Every structure is written in C-alpha cells, then in structure tokens.
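Below you'll find the structure, written out as structure tokens, and then a few comments.
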Amino acid sequence: MAKPNLPQGTRDFSAIIVRKRNFIFNTIRSVFELYGFQPLETPAMENLETLMGKYGDEGDKLIFKILNNGLDHPEKREKAKAEFEKVVEGKNNSNITERALRYDLTIPFARFVAMNYGQLTMPFKRYQIQPVWRADKPQRGRYREFYQCDCDIVGSYSLLNEVELINIYATVFNKLNIAVEIKINNRKILAALAEICNSSEKLTDITTAIDKLDKIGIEKVKTELLQRNLNENQLNIIEQYLSINGSNENKLQALKNLIGKSEIGKKGIEEIEYILNYTSENTNLQNAIVIDFTLARGLNYYTGTIVEIKAQNVQIGSIGGGGRYDDLTGTFGVPNLPGVGISFGVDRIYDVMEELQLFPENLNTSTQVLFFNLGDAESKTAYNLM
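So the mapping is simple: the numbering used here equals the position in the sequence shown, first residue as 1, plus 1.
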C-alpha cells in the first residue's frame, strides 16, 4: 500500500501550530474590529467567469479550475478533448469547467458588493479571513493553499481610507513585534510611465514585467519588454524610472523631473504626498514607509495607491499588500464604486515569527486546573466542579 502524502503546497497543522496561527488571526481580527470593520465569508468556489480576467494573464493561469460533472459521458468527453488545449492556455471553456477555487478574497468581495449593493450602507467596511488557492510553484513562503486576512472599504474616494489601512498595518505588526517596511507606489504613476513612453496601450505589459523585477532582474525585464514590442528608447525611459533611489523626498523630485508633464502622473504624486503627510506623526510608522517605484503589483484591478509589506531581518516574500481599485465592481454591473483594501499573508507572517521566535511562550498551555481522582466518587465530584 502506498504511503499517504499531501498535495504539494499544502500542509497539516498540529495543535501548537494551530494555536500559533490563531494568535496571529486573533491579533489581526481584534485590530479590524477596533477600526469598525464587519466580518464576511464567501464560498470556497466561484463561477469561473467571476474570476477570469481580473488577475492578468499570469494570474489567470494560476486559478485552480474545477472540472464539470459528467465529463465521462461520451458526447461530453469528445467536446472536452477538443477544448482541453484552451483550458491549458488559461482560457475559459464552459464545456470543461465553469467553476474554480477562489484566487483571492477581493474579487469575491466585489461580487458580493455588486449582488447586495442596494442593501449595503456606504462606505461599507468588511474584513474576511479565509483560505485561497493558487496553482503556484511551491517554495518557502509560497503555498498552493493559504489564508488571507483582508479588510476593504468601498464607497469612498477619500485618501483617508488609505491612511487608515496603513495605520492598521502598523498597529498589527507592532502588536506582533515584527519590524516591517511599508512600500508604496501608485498605479497612476505607472500609467504616466507608459504615457511618456508613448505606449499607454501597453500599461499591462509594462506593469507585468516590472512586477517580476525582484525575481528575474532588470536585464530579463528588458528582454521581456522587447518581446512585447517596446523599443530601445522606451526601455531607456523605463530603466531610468526603475533606477530612481534615495530618500522619499529625493525619489519624488526625481520622478517629477521624469513624468512631471503627465497630468495623471501629477495626480499619482499628489496622492503619495498626501499619504506621507498624514502618516508622518504616527509613532508606529517612523521611517517604515518607503516609496518604491518598482512596486507594480501585477493585478489588473488596481487604479491608485498600491502597498506591499516586507519584514525586516528575514529573507521572505511580501507579508501583506493591497491598494485602491475604483471600478472593480463595474465588471459585475455596478460601475464607479470606489474601493481600497489590504491583505495580510498569515502563512508568511507565521514563518517570520517562527524564525524570529516572536510567539508568546505560553501558547502551548491550555490547562489551568488539573484534577486527580482515586475512584468513581472522586471522578464524579471532579466532573461536577468542571
């Protein structure tokens, strides 16, 4: 008999691990509640058409699709064979699959808002703590099944929402004793970059390539952009943009020199300056916010501020991220509804806390009173006292 094992990218959790994970969940949940967010849960699977096209070409390929029932029927089997290649390419085909496991919590939330728009009081603030699934290559800090802890605000264009969400990040990681770097950028700035390259129609291609910078390096990013039909002059502008460094003030000045004539670029810069101004006196955020113009977050639905959280002193991917999406519900028939949200990567946060030994020592202790008995009478008394 074959030895049982787990699918790649999934894990079992023993009692102590569950307690440690619950410590993280409870800390995050308490901060969400403190800021007035309401809980929500959505199904593990969604209609495939709800998910497809929302995460870019790369993200769509990572969606776990669920096969339709009855494919063993001879007629359906022949249709499935003919259409299988389209599914392999990441395209939707209702003859084979019509449902999928959720890729994140944001798109299901947008679907929920669109379905219940008339019953919700705006601005609507919700938090959600549930697992998601991605057909990614498993590695340290990257799993195929993992939990996300999201909070979102819809129905308000105010940048104070971004400030509030950044404060939530600061509060949570301060409670967990994790030193973090909060990276911020703005999709309007990336749109301005595409604009000054005279290539606005290639914004998605540019952001998708830039999003891979940390993984593949600048030369491979340039190669990918060349393959997407950008020319050397455009690559020089993009490389100049990616080379901006220094303090936040120096970065903003260099960016103004590069894209300052673009109206959408000016708007993006103003939004970053607003956030920096409103968070400058938060003691939990001293020197934590860093402008990073290489930050792109490859998801197609972002329209404004984008945020990513990196743990200091630990070599691991981002432990949180999010941004503004001002027309996400438009794809579900409710246009022009602004939204902004963030997510905590609990599994990576757990790995960070394990490596830095940040969990409280008493988490494995659940017993407060221990009863000894010497017979049935004593046993009965003990149970009555419990």
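We put the beta carbon where it would ideally sit given N, CA and C, even for glycine. For clarity, every value in this text was computed on a predicted model and none was experimentally measured.
Should residue i be labelled buried (16 or more other beta-carbon atoms within 10 Å of its own) or exposed?
i: Gln241; result: exposed
i: Gln235; result: buried
i: Glu272; result: buried
i: Glu163; result: buried
i: Pro40; result: exposed
i: Lys158; result: The sequence shown places Tyr at residue 158, not Lys. With fewer than 16 other Cβ atoms within 10 Å, it is exposed.
i: Pro139; result: exposed
i: Lys221; result: exposed
i: Pro339; result: buried
Suppose the cutoff is 6 Å on Cβ atoms and the five residues either side in sequence are ignored; what does the same chain contact list for residue i look like?
i: Leu391; result: Given that the chain is displayed from residue 2 to residue 387, the structure contains no residue 391 and the question cannot be resolved.
i: Phe397; result: Any answer about residue 397 is impossible in this case: the structure gives the chain only from 2 up to 387.
i: Ala389; result: Beyond the ends of the chain as shown, which are 2 and 387, falls residue 389; an answer cannot be given.
i: Asn285; result: Ala171, Asn175
i: Arg103; result: Glu47, Pro109, Val133
i: Arg216; result: Sequence inspection shows Lys at residue 216; the Arg mentioned does not correspond to that position. If we look at Lys216 and ignore the five residues flanking it on each side, it has no Cβ neighbours.
Please report the straight-line C-alpha distance between residue i and residue j, rounded to a whole angstrom.
i: Glu146; j: Lys381; result: 45 Å
i: Asn48; j: Val335; result: 18 Å
i: Leu329; j: Thr368; result: 48 Å
i: Glu50; j: Val114; result: 17 Å
i: Asn288; j: Asn251; result: 15 Å
i: Ile290; j: Gly324; result: 15 Å
i: Gly318; j: Ala171; result: 18 Å
i: Thr224; j: Thr205; result: 16 Å
i: Lys213; j: Thr295; result: 9 Å
i: Gly218; j: Leu253; result: 23 Å
i: Phe24; j: Tyr351; result: 10 Å
i: Gln228; j: Ser15; result: 47 Å
For residue i, which of the options has the nearest alpha-carbon?
i: Leu160; options: Thr280, Glu50, Tyr118; result: Thr280
i: Thr122; options: Arg112, Ile108, Ile154; result: Ile154
i: Ile239; options: Glu271, Ala45, Asn199; result: Asn199
i: Phe38; options: Ile169, Gln228, Asp13; result: Ile169
i: Ile167; options: Tyr36, Leu256, Gln140; result: Tyr36
i: Gly322; options: Phe372, Gln316, Val308, Glu165; result: Val308
i: Gly346; options: Met2, Gln316, Lys311; result: Lys311
i: Arg12; options: Asp377, Leu177, Gly305, Arg141; result: Arg141
i: Arg20; options: Leu375, Asn365, Asn385, Asn374; result: Asn365
i: Glu182; options: Lys66, Thr209, Phe174; result: Phe174
i: Leu243; options: Ser201, Asn186, Gln228; result: Asn186
i: Tyr303; options: Leu277, Gly119, Ile190, Lys257; result: Ile190
i: Lys268; options: Arg188, Ser344, Ile292; result: Arg188
i: Glu59; options: Gly331, Arg298, Asn258; result: Arg298
i: Pro361; options: Ile17, Leu371, Gly376; result: Ile17
i: Gly10; options: Tyr144, Ile97, Met116; result: Tyr144
i: Asp105; options: Tyr384, Ile97, Gln131; result: Gln131
Quick one: residues in its chain with C-beta nearer than 8 Å to the C-beta of residue i, no 5 flanking neighbours on either side, listed in chain order?
i: Thr28; result: Val173, Lys176, Leu177
i: Pro5; result: none
Every unbroken alpha helix (DSSP H) within the stretch 111-181, with a cutoff of 4 residues, ordered by chain: 161-176, all fully within the stretch 111-181.
Entirely enclosed alpha helix (DSSP H) segments - the stretch 34-62, minimum 4 residues: Counting only runs of 4 or more, we get 49-52, 57-61.
Report the start-end ranges of each alpha helix (DSSP H) in the stretch 182-217 that is 4 residues or longer and not cut off at the edges. Whole alpha helix (DSSP H) segments, 4+ residues: 188-197, 204-211.
Report the start-end ranges of each beta strand (DSSP E) in the stretch 333-364 that is 3 residues or longer and not cut off at the edges. Counting whole runs of 3 or more residues, the stretch 333-364 contains the beta strand (DSSP E) stretches 340-346.
Minimum length 3: unbroken beta strand (DSSP E) runs contained in the stretch 268-303: The qualifying runs are 290-292.
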